[in-house]
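**Q** Starting off with a structure, shown below.
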Amino acid sequence: MESLLEKDRVRLRELAVKQLEFANCEKNNIILKKWNALAQGRRETPTVRLLFSNFVNEVITPRLQCEGSEARKLEHKLLWTMVGRELFDDDTPISPTFDMQYVSRVNPFGAEPQVSLAKIDDPKGYHIEPILEDLEEEMDKLRGGSFSVDTEATRQNMEFAQEAFGDILSVRLVQPSLTGGITNPLVRLMSMENYYLSMYDAPEALHEVMDMATRVYEEYYDYLEREKLLLPTFDFTPVAQESFAFNSELPRDHVEKTTQCWGFLESQETTAVSPDMYGEFVYPYQDRLVKRYGLLSYGCCERVDALWEDYLSKWKNLRKLSVSPFNNEPQVGEYLRGSNVIYYSKPRAEFVTRRGSMDEDALRANFKMVCESASGCLFEVAQREVGTIYGDVERGRRYVQILRECIEEYWKP
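Numbering-wise (the numbering used here), the sequence shown opens with residue 6 and increments by one.
In structure tokens:
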């Protein structure tokens with residue numbers, strides 16, 4: 006691993022000090038009370054965040070100063086941890102530790118996708134180049150899924166961070182939520198059209214492929230248990246879809262089984278098929294993985310309202326449900342009201358991304374509906390799918406402020 010330049014060390018230590026200050030300030034204590042209330046099933050003040058993963062080039066990249074590649078990775082992570090609080094004044098909780106993850110990888114299929122990006126700066130979309138057209142004839146291309154955990158690379162990464170600023174921020178190894186995505190990697194290999202047609206043209210082959218991928222994840226979970234690589238999933242540790250693992254149900258000190266950890270699943274690629282088709286081709290395989298988790302967070306941008314009664318409601322360890330604008334949001338609120346499942350709202354993004362000034366009246370009207378839908382629910386708000394704020398940090402801060410005002414006025418515990 007490369008040597009740490011003195012200039013880079015100074016920069017990293019300055020950022021480490023800033024993160025520790027954020028972590029120890031009174032505002033962080035107030036924010037942590039909100040997260041802990043959710044964790045304990047209390048309907049108090051919902052959390053509000055503006056997520057920036059789609060416009061990192063506006064809020065992180067321009068501020069990078071380190072020259073060494075490894076130092077820049079650490080700098081990027083330090084800045085990432087603080088963007089929500091530092092720039093938008095949202096409810097991002099700040100840890101007093103510098104959290105790192107295992108260098109690991111799971112590929113449920115034995116092939117890599119081929120995608121092409123638009124020839125512009127920072128492209129958001131991509132085009133899939135299918136590696137197979139006929140699932141029955143070309144299924145062998147998908148065999149050979151694999152997984153790996155590189156403990157040596159993980160150790161080196163942690164030692165590099167420890168050397169840089171470990172006397173300021175304790176370097177901690179954490180485990181994010183376990184994942185078991187199948188439909189997304191499959192679509193990236195065969196295209197959405199071929200995937201949908203296979204439900205009709207090659208149902209037996211599709212079932213075989215779904216089982217094949219599910220077994221890769223099951224074997225990966227077995228490996229983590231056997232090699233004693235599992236870590237507790239609680240407080241600041243990441244839950245997929247950019248949330249956190251605050252909870253009062255999972256072990257905090259030691260885990261031996263995946264059933265003691267958070268898990269995350271989604272299948273937004275099947276949002277256009279009927280609930281019965283989801284029930285036939287997706288649910289049985291997700292259900293196998295859900296049984297391996299202690300708690301579950303479910304969903305991305307897909308409809309969950311149509312799946313709730315016959316499928317998703319059957320998972321008693323479900324604790325966080327993604328509610329995107331593609332849903333009948335009042336209906337989802339009816340399903341979750343009074344339950345221990347968090348209404349994880351991902352509001353419409355166009356109010357913050359539209360050119361010119363924000364239409365605050367339209368934003369308030371839409372969020373009034375969201376807040377009323379989520380009344381009586383455990384409520385977490387994360388504005389995702391924002392492609393740009395045009396480099397205007399104040400736009401982001403104002404957006405967060407308006408969401409908080411709407412919650413105060415319209416959401417009822």
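Beta carbons: idealized from backbone N, C-alpha and C, even for Gly.
As the structure is a prediction and not an experimental result, all values here were calculated from the model.
Given 8 Å as the limit, is there contact between the segment 109 to 126 and the segment 140 to 160, that is, 3 or more CB pairs closer than that?
**A** yes
**Q** Does the distance from the C-beta atom of S318 to that of F269 stay below 8 Å?
**A** no
**Q** Can we say the segment 271 to 291 touches the segment 313 to 331, given the rule of at least three CB pairs closer than 8 Å?
**A** yes
**Q** State the CB to CB distance for the pair E261 and E230, rounded to an integer number of angstroms; the pair is presumed to be in contact (CB under 8 Å).
**A** 7 Å
**Q** Just reading off the alpha helix (DSSP H) that K78 is part of, what are its end residues?
**A** First-last of the alpha helix (DSSP H) with K78: S74 to F93.
**Q** In the DSSP assignment, find the alpha helix (DSSP H) that holds P190 and state where it starts and stops.
**A** T188 to M195
**Q** Provide the residue(s) that pair with I133 in DSSP beta bridges, ordered along the chain.
**A** V120
**Q** So the candidates are H132, E410, L10 and E271; which of them puts its Cα closest to the Cα of A370?
**A** E410
**Q** DSSP beta-bridge partners for G268?
**A** L183 and L301
**Q** Would you mind reading off the limits of the beta strand (DSSP E) that contains N112?
**A** V108 to N112
**Q** From this set, V375, K325 and E213, which residue's C-alpha is nearest L43's C-alpha?
**A** K325
**Q** To the nearest angstrom, how far is the alpha carbon of A116 from that of P190?
**A** When rounded, the distance between both Cα atoms is 10 Å.
**Q** Roughly how many angstroms lie between the CA atoms of L383 and T238, to the nearest whole one?
**A** 20 Å
**Q** Report all residues from its chain with a CB closer than 7 Å to the CB of T263; omit the five preceding and five following residues, and keep chain order.
**A** L183, Y226, L229, E230, L235, R297 and Y298
**Q** How far does the alpha helix (DSSP H) with Q167 in it extend, from its first residue to its last?
**A** In this chain, the alpha helix (DSSP H) harbouring Q167 covers T156 to F170.
**Q** Could you tell me whether the Cβ atoms of P243 and F249 are closer together than 8 Å?
**A** yes
**Q** When you compare each of S329, W85 and E274 to F60 by their alpha carbons, which one comes out closest?
**A** Measuring from the Cα of F60, the nearest candidate turns out to be W85.
**Q** Specify the secondary structure class of T52 as computed by DSSP and reduced to three states.
**A** strand
**Q** Classify M282 as helix, strand or coil using the three-state DSSP reduction.
**A** Judged by DSSP in its simplified three-state form, M282 adopts helix.
**Q** Taking only the alpha-carbon atoms, compute the straight-line gap between V15 and V391 and give it to the nearest angstrom.
**A** 33 Å
**Q** Measure how close the beta-carbons of D267 and L294 come, nearest whole angstrom, since I'm counting them as under 8 Å.
**A** In the sequence under discussion, the amino acid at residue 267 is Trp, which differs from the Asp named in the question. Taking the Cβ atoms as the reference, W267 lies roughly 13 Å from L294, outside the contact range of under 8 Å.
**Q** Report yes if the C-beta distance between P98 and N33 is below 8 Å; otherwise report no.
**A** yes
**Q** In its own chain, which residues sit with a C-beta less than 7 Å from the C-beta of G419, not counting the 5 before and 5 after it?
**A** Beyond the ends of the chain as shown, which are 6 and 418, falls residue 419; an answer cannot be given.
**Q** Keeping to the same chain, check which residues put their C-beta closer than 7 Å to that of M374; ignore five residues upstream and five downstream.
**A** Correct list, in chain order: E334.
**Q** If I follow the unbroken beta strand (DSSP E) through R324, where does it start and stop?
**A** L323 to V328
**Q** Does DSSP classify D240 as helix, strand or coil?
**A** Strand, per DSSP.
**Q** For the segment 331 to 412, list the beta strand (DSSP E) runs that are entirely contained and at least 3 residues long, ordered along the chain.
**A** As for any beta strand (DSSP E) of minimum length 3 sitting wholly inside the segment 331 to 412, the runs are 347 to 350 and 384 to 388, ordered along the chain.
**Q** For M215 versus Y290, is the C-beta spacing smaller than 8 Å?
**A** It is a contact, given that the beta carbons lie within the stated cut-off.
**Q** Compute the distance between the beta-carbons of A210 and E285, then report whether it is under 8 Å.
**A** no
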